[in-house]
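Asks: In UniProt numbering, the protein residues as written are 1 to 357.
We put the CB at the ideal spot given by N, CA and C, even for glycine.
My structure is below; once you've seen it, I'll send some questions.
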């Protein structure tokens, strides 16, 4: 049951962890490849879920602090291959008696070492298939990961507990490392079934030559945060829309990029009159995202003057519905046409600056 609870905990924590890493993950991929490959995302997020799961298997369940042994010597085994002698002495296996075979598999002297081997087989497979590690590097990294787990236990979860609450065992490192090596061998099967890392990179770079709608939206979000932070710090009475207009009108005049688009490696292009069209785009962008929604809210406020509560609720519902439609239209427009409405009106296009390596 402890294993099942650890896996449940991993499933519970993973969405939060995934949410935290998604933004930096997208930025790194857009900078390196110009796109976010679905298969790469599946591989890396499954790898993170796997690491989280085995980490929780190592540290859970957490004991009561009062039950902790403070004697480190009692919780430390530095004699290698003790599990072999334990198996010989305690396991009920008798090769000549088939009735003992199942009992032998269910005995801790078998299933504990077997689980330690199985636990890091996927780690070796990931290292060989996606991270392109050699056998020696896979063995070393697996041993280091296992050592990290053992030191986590020996330190009492980084000294949160007064002493170790699980045995720190050299045999665990041996078994885990064996699992990583087995995983390296099995990684050949994955390499036959899935596209190679080089093929994934090639497809990512090919897709990165086109600026996707998500890439454009992410750049806009980054730019808005960049403008908003100094706006809040300055505590100015000037409207935020003025800051947006200045930023999106003047910054792209330098090299056709905002800070957000430069981070994601793409820029603005115009057929002619670049300066005029850049300024026009900045003003239209401000009008679109600030003045239109604010104008709608102002109109609602004016219509609500002197109205009864029922009319106000109806007006509030209509306004909320209108803002939702505005958001849906905006997102659908940029995802389908790869440009915002103000981009089309100002004649702006996008060009990727990611270089094929």
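Please determine, among 78, 157, 197, the residue with the shortest C-alpha to C-alpha distance to residue 129.
Replies: 197
Asks: Kindly list the residues whose CB is nearer than 7 Å to the CB of residue 13, restricted to its own chain and excluding five residues on each side of it in sequence; keep chain order.
Replies: 52, listed in sequence order.
Asks: Based on the DSSP output, what are the partners of residue 77 in its beta bridges?
Replies: The partner list for residue 77 (beta bridge, DSSP) reads 169.
Asks: Can you list, in chain order, the residues of its chain whose CB lies under 6 Å from that of residue 268, leaving out five sequence neighbours each side?
Replies: Closer than 6 Å at Cβ, skipping near neighbours: 252, 256, 348.
Asks: In angstroms, rounded to a whole number, what distance separates the CA positions of residue 338 and residue 208?
Replies: 13 Å
Asks: For residue 269, which three-state DSSP category applies?
Replies: strand
Asks: For residue 33, which of helix, strand or coil comes out of DSSP?
Replies: coil
Asks: Rounded to whole angstroms, how far is the Cβ of residue 266 from the Cβ of residue 346, which I believe are closer than 8 Å?
Replies: The C-beta distance from residue 266 to residue 346 rounds to 17 Å, too long to meet the 8 Å contact threshold.
Asks: Going by DSSP in three states, residue 72 sits in which element: helix, strand or coil?
Replies: coil
Asks: Quick check: the Cα distance between residue 153 and residue 54, rounded to an integer number of angstroms?
Replies: 13 Å
Asks: Going by DSSP, which residues form a beta bridge with residue 359?
Replies: The requested residue 359 is not part of the displayed model; the chain covers only 1 to 357.
Asks: With respect to the alpha helix (DSSP H) encompassing residue 214, which residues constitute its N-terminal and C-terminal limits?
Replies: 213-234
Asks: If I follow the unbroken beta strand (DSSP E) through residue 351, where does it start and stop?
Replies: 348-352
Asks: Just the Cα atoms here: how many angstroms apart are residue 155 and residue 100?
Replies: 39 Å
Asks: Excluding five sequence neighbours on each side, which residues of the same chain lie with their C-beta closer than 6 Å to the C-beta of residue 133?
Replies: These residues qualify, in order along the chain: 127.
Asks: Do the stretch 210-227 and the stretch 164-184 touch if we need at least three Cβ pairs shorter than 8 Å?
Replies: no
Asks: To the nearest angstrom, how far is it from the Cα of residue 354 to the Cα of residue 38?
Replies: 19 Å
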